[in-house]
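Engineer:
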Amino acid sequence: MSLQIESPAEDSAGKNGDGPEQQSAPVETGVAGLPGRVRWLLLSCLTVNAVVVLWLAVWDATLTRSAWDLLGAALLLGIGITCALAIGAILRRSSSAFLTAMTSQIFVVCLAAYVWLVDERSPVRQLIGVAGVALAFGAIALFWVVYLARYAHGAINRGAVVVVALFPVLGLVQFWLQSDYLPARSLPLVDVQAELTPMGSSGSIIHLSAKVTMHNRSSVAVDIPGGVMRVTAYPFGVPEEPATGETVASHLNPVGTLLGDYRQVPVSPGDAKLLFAGTIGAAGSFLTPGSTTTGQVMIDIDPRTVRLAQMRASIIAVTHRAVQDTRTCYEPKKSYNADIAGYLNEAGVLHDWPGGKALCTETQFAARGAIEDLVADHPVLRIFNVVDHKMFTTPLLVPLLGTGSSVEDPEAGMDEAATIETATPSGMFGANAEYAPADSDLHH
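Following UniProt numbering, the residues of the sequence shown are numbered contiguously, the last one being 444.
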């Protein structure tokens with residue numbers, strides 16, 4: 001005889017007609033739980049991201065010119081490595097695969113936003129172009145972030161949040177360094193001093209020393225792609241110009257200031273006689289930080305015919321790290337770096353310039369990183385050395401900022417020029433000196 005003892009719980013279950021509770025199969029939340037097609041699509045996106053970003057990192061490293069520039073290369077390398085780690089984690093079906101993949105896609109979203117920021121600061125927007133492609137990559141990455149978030153939710157911890165937040169912050173620091181801090185800190189600061197000094201006489205001829213001194217007081221090396229010095233003489237017998245309101249205003253308005261200041265006895269281009277003209281800056285010229293250079297020539301004037309001698313020295317200075325190449329302006333364009341003989345021959349050709357003739361060279365600015373090289377439209381500084389003009393005293397330097405296309409139409413590219421000027425460390429510097437002959441100078 002056997003007895004069966006039932007517990008109240010079992011008895012209740014029996015009475016209700018329910019059998020013993022069955023264990024439900026665990027829900028697959030690992031990589032294996034993803035549909036195969038989705039998993040391979042994710043792997044494809046990660047592979048493309050890794051290849052593109054690692055290529056950008058290598059390219060960026062080749063463009064670096066300072067320790068600060070390496071920060072951008074390091075960030076790109078970190079994003080590319082994170083994408084590669086995510087690929088490995090998915091293939092190994094690691095428990096951290098979802099978190100690593102989601103982190104990599106967050107970084108790609110941040111990179112796309114960075115490209116958009118650089119494009120916004122560039123002379124020409126490229127939403128239908130490089131920036132548009134980057135935003136498309138960012139949109140796809142954002143989709144994966146949202147999709148993977150439900151799988152990676154349990155794996156998110158404080159450390160992961162700190163790492164994910166650190167990359168965008170570093171990216172903003174890099175953007176600020178390249179867009180604002182470094183251009184402001186590396187602005188060329190060149191002091192130019194001009195002197196006209198009597199050094200004696202021979203009979204009725206006075207010997208003048210025309211001396212120009214350039215001192216680089218900036219903390220970076222400075223290239224001088226353009227520079228000219230001239231000495232002109234003005235004769236006696238020029239009629240006075242009454243100081244009426246209209247006359248004075250004509251010399252003070254934006255156009256008049258290019259023609260010269262008001263003087264009771266004018267010094268107009270039509271009366272100017274060129275005594276000396278020479279270059280004090282050209283392709284290959286540069287000043288190291290803190291250095292000083294001096295140029296001096298002797299000029300003879302006849303005080304019986306010359307009432308005033310005027311000297312003008314002008315240079316265009318560009319921070320050395322910002323220069324990629326110097327070349328001629330028109331076809332066939334010759335590069336100073338690649339074909340110096342061809343450059344020197346072509347740079348001596350006169351070209352038509354509104355109202356006159358001019359020599360012309362271009363300085364192309366170097367990109368500060370791979371992203372900028374893709375997006376920033378390769379800005380240039382075109383330098384006209386006007387040697388013949390009815391309205392201006394020549395030779396005269398005229399700089400023009402723009403892109404490869406906008407420099408051909410300066411009026412349409414004013415906004416682009418302003419954008420380039422803000423971001424590019426360059427400037428024009430000059431000095432004047434005058435001398436009026438005196439009888440005492442004939443006895444030195």
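By construction, the Cβ of each residue, glycine as well, lies at the ideal position given by its N, Cα and C atoms.
Opposite Met311 in the DSSP bridges: which residues?
Structural biologist: Translated into positions along the sequence shown, residue 311 becomes position 311. DSSP output for Met311 lists Val231, Ala433 as bridge partner(s).
Engineer: Which of the three DSSP states is assigned to residue 477 in this structure?
Structural biologist: The chain is shown from 1 up to 444; residue 477 falls before or after that span and cannot be answered.
Engineer: Taking only the alpha-carbon atoms, compute the straight-line gap between Ala149 and Thr361 and give it to the nearest angstrom.
Structural biologist: To locate residue 149, count along the sequence shown from 1; it is residue 149. To locate residue 361, count along the sequence shown from 1; it is residue 361. Roughly 55 Å separates the two Cα atoms.
Engineer: What does the alpha-carbon distance come out to for the pair Pro395 and Cys110?
Structural biologist: Translated into the one-based positions of the sequence shown, residue 395 becomes position 395. Translated into the one-based positions of the sequence shown, residue 110 becomes position 110. When rounded, the distance between both Cα atoms is 50 Å.
Engineer: Return the first residue and the last residue of the beta strand (DSSP E) that residue 449 is part of.
Structural biologist: Because the chain in this structure spans residues 1 to 444, residue 449 falls outside the shown range and cannot be described.
Engineer: Mind the definition here: the segment 305-317 touches the segment 367-376 only if three or more C-beta pairs lie below 8 Å; say whether that holds.
Structural biologist: No, the segment 305-317 is not in contact with the segment 367-376.
Engineer: By a C-beta neighbour count over all protein chains shown, 10 Å radius and 16 as the cutoff for buried, is Pro123 buried or exposed?
Structural biologist: Translated into the one-based positions of the sequence shown, residue 123 becomes position 123. By the 10 Å Cβ count, Pro123 comes out buried.
Engineer: Report the option in Ser291, Leu252, Val375 whose CA atom is closest to the CA atom of Ser219.
Structural biologist: For the purposes of this step, residue 219 is taken as residue 219 along the sequence shown, with counting starting at 1. Selected option, being the one with the closest Cα: Ser291.
Engineer: For Ile301 versus Val228, is the C-beta spacing smaller than 8 Å?
Structural biologist: Residue mapping note: residue 301 aligns to position 301 of the sequence shown, counting from 1. Residue mapping note: residue 228 aligns to position 228 of the sequence shown, counting from 1. It is not a contact, given that the beta carbons lie outside the stated cut-off.
Engineer: Give me, in chain order, the residues of the same chain whose beta-carbon lies closer than 6 Å to that of Gln193; leave out the 5 immediate sequence neighbours on both sides.
Structural biologist: Here residue 193 is taken as the residue at index 193 of the sequence shown, counted from 1. Excluding positions up to five away in sequence, the list reads Thr213, Ala431.
Engineer: Should Met102 go down as buried or exposed, given a rule of 16 or more other Cβ atoms within 10 Å for buried?
Structural biologist: Translated into positions along the sequence shown, residue 102 becomes position 102. Met102 comes out buried.
Engineer: How should Val38 be labelled, buried or exposed, when 16 other C-beta atoms within 10 angstroms of its C-beta is the threshold for buried?
Structural biologist: Here residue 38 refers to the residue found at position 38 when the sequence shown is read from its first residue. Exposed, because fewer than 16 other Cβ atoms sit within 10 Å of the Cβ of Val38.
Engineer: DSSP on Ala370, reduced to helix/strand/coil?
Structural biologist: Numbered from 1 along the sequence shown, position 370 holds the residue referred to as residue 370. It is helical.
Engineer: Taking all protein chains shown into account, do 16 or more other C-beta atoms lie within 10 angstroms of the C-beta of Trp176, making it buried, or fewer, making it exposed?
Structural biologist: Your numbering for residue 176 matches position 176 in the sequence shown. By the neighbour-count rule (16 or more Cβ atoms within 10 Å), Trp176 is not buried but exposed.
Engineer: In the structure shown, what three-state DSSP assignment does Val222 receive?
Structural biologist: Translated into the one-based positions of the sequence shown, residue 222 becomes position 222. Of the three classes helix, strand and coil, the one that applies to Val222 here is strand, per DSSP.
Engineer: In three-state DSSP terms, what is Thr292?
Structural biologist: Position 292 of the sequence shown, counted from the first residue, corresponds to residue 292. Strand, per DSSP.
Engineer: Whole angstroms is fine: what's the gap from Val398's alpha carbon to Val323's?
Structural biologist: The residue you call residue 398 lines up with position 398 of the sequence shown. The residue you call residue 323 lines up with position 323 of the sequence shown. Going from the Cα of Val398 to the Cα of Val323 covers about 19 Å.
Engineer: Taking Phe384 and Pro269 to be in contact with their CB atoms under 8 Å, please state how far apart those CB atoms are, rounded to whole angstroms.
Structural biologist: As a first step, residue 384 is located in the sequence shown; it is residue number 384 there, counting from the start. As a first step, residue 269 is located in the sequence shown; it is residue number 269 there, counting from the start. Not quite, the Cβ-Cβ distance comes to about 17 Å (not below 8 Å), so this is no contact.
Engineer: Put residue 446 into one of helix, strand or coil per three-state DSSP.
Structural biologist: The chain is shown from 1 up to 444; residue 446 falls before or after that span and cannot be answered.
Engineer: By a C-beta neighbour count over all protein chains shown, 10 Å radius and 16 as the cutoff for buried, is Leu41 buried or exposed?
Structural biologist: Looking up residue 41 in the sequence shown gives position 41. Exposed, by the Cβ-count rule.
Engineer: Should Gln174 go down as buried or exposed, given a rule of 16 or more other Cβ atoms within 10 Å for buried?
Structural biologist: As a position in the sequence shown, residue 174 is number 174, starting the count at 1. Result: buried.
Engineer: Can you name the start and end residues of the beta strand (DSSP E) that Leu274 belongs to?
Structural biologist: Taking the sequence shown and counting its residues from 1, the one referred to as residue 274 is at position 274. 273-281 is the extent of the beta strand (DSSP E) around Leu274.
Engineer: Any idea what DSSP makes of Phe236, helix, strand or coil?
Structural biologist: Here residue 236 is taken as the residue at index 236 of the sequence shown, counted from 1. Residue state, collapsed to three classes: coil.
Engineer: Whole angstroms are fine: how far does the CA of Ala112 sit from the CA of Ala358?
Structural biologist: Within the sequence shown, the letter at position 358 stands for residue 358. Within the sequence shown, the letter at position 112 stands for residue 112. When rounded, the distance between both Cα atoms is 44 Å.
Engineer: Can you give the Cα-Cα distance for Gly260 and His251, rounded to whole angstroms?
Structural biologist: Numbered from 1 along the sequence shown, position 260 holds the residue referred to as residue 260. Numbered from 1 along the sequence shown, position 251 holds the residue referred to as residue 251. One C-alpha to the other measures close to 7 Å.
Engineer: Could you tell me which residues DSSP pairs with His251 in its beta bridges?
Structural biologist: Along the sequence shown, read from residue 1 onward, the residue named residue 251 stands at position 251. According to DSSP, which records beta bridges pairwise, His251 is partnered with nothing at all.
Engineer: Starting from the N-terminal side, write out each stretch of the alpha helix (DSSP H) that is 4 residues or longer and does not extend beyond the segment 162-191.
Structural biologist: As far as the segment 162-191 is concerned, its whole alpha helix (DSSP H) runs of at least 4 residues are 182-185.
Engineer: Thinking C-alpha only, which one of Asn337, Leu196, Glu240, Lys334 is nearest Leu275?
Structural biologist: One-based indexing of the sequence shown puts residue 275 at position 275. Comparing Cα positions, the closest option is Leu196.
Engineer: Report the three-state DSSP secondary structure of Val145 (helix, strand or coil).
Structural biologist: Reading the sequence shown from its first residue, position 145 is the one you call residue 145. In the structure shown, Val145 sits in a helix (DSSP, three-state: H, G or I).
Engineer: Comparing alpha-carbon positions, which option in Val51, Leu400, Ser405 lies nearest Gly427?
Structural biologist: Residue 427 sits at position 427 when you count from the first residue of the sequence shown. Taking only the C-alpha atoms, the option nearest Gly427 is Leu400.
Engineer: Looking at the secondary structure, which residues open and close the beta strand (DSSP E) in which Ile383 lies?
Structural biologist: In the sequence shown, counting from the first residue as 1, residue 383 sits at position 383. 380-389 is the extent of the beta strand (DSSP E) around Ile383.
Engineer: Going straight from the alpha carbon of Leu344 to that of Leu43, what length do you get?
Structural biologist: Here residue 344 refers to the residue found at position 344 when the sequence shown is read from its first residue. Here residue 43 refers to the residue found at position 43 when the sequence shown is read from its first residue. Their Cα atoms are separated by approximately 54 Å.
Engineer: Using CA coordinates, which residue listed in Gly226, Tyr234, Asn253, Arg263 is at the minimum distance from Ala243?
Structural biologist: Residue 243 sits at position 243 when you count from the first residue of the sequence shown. Of the candidates Gly226, Tyr234, Asn253, Arg263, the one whose C-alpha sits nearest the C-alpha of Ala243 is Arg263.
Engineer: Please name the residue or residues paired with Glu59 in a DSSP beta bridge.
Structural biologist: By 1-based counting over the sequence shown, the position of residue 59 is 59. Note on residue identity: the sequence assigns Trp, not Glu, to residue 59. Looking at the DSSP assignment, Trp59 forms no beta bridge with any residue, so it has no partner.
Engineer: Apart from the five residues just before and just after Gly80, which ones in its own chain have a Cβ nearer than 7 Å to its Cβ?
Structural biologist: Counting from one through the sequence shown, the residue named residue 80 turns up at place 80. The residues are Ala50, Val53, Leu54, Ala57.
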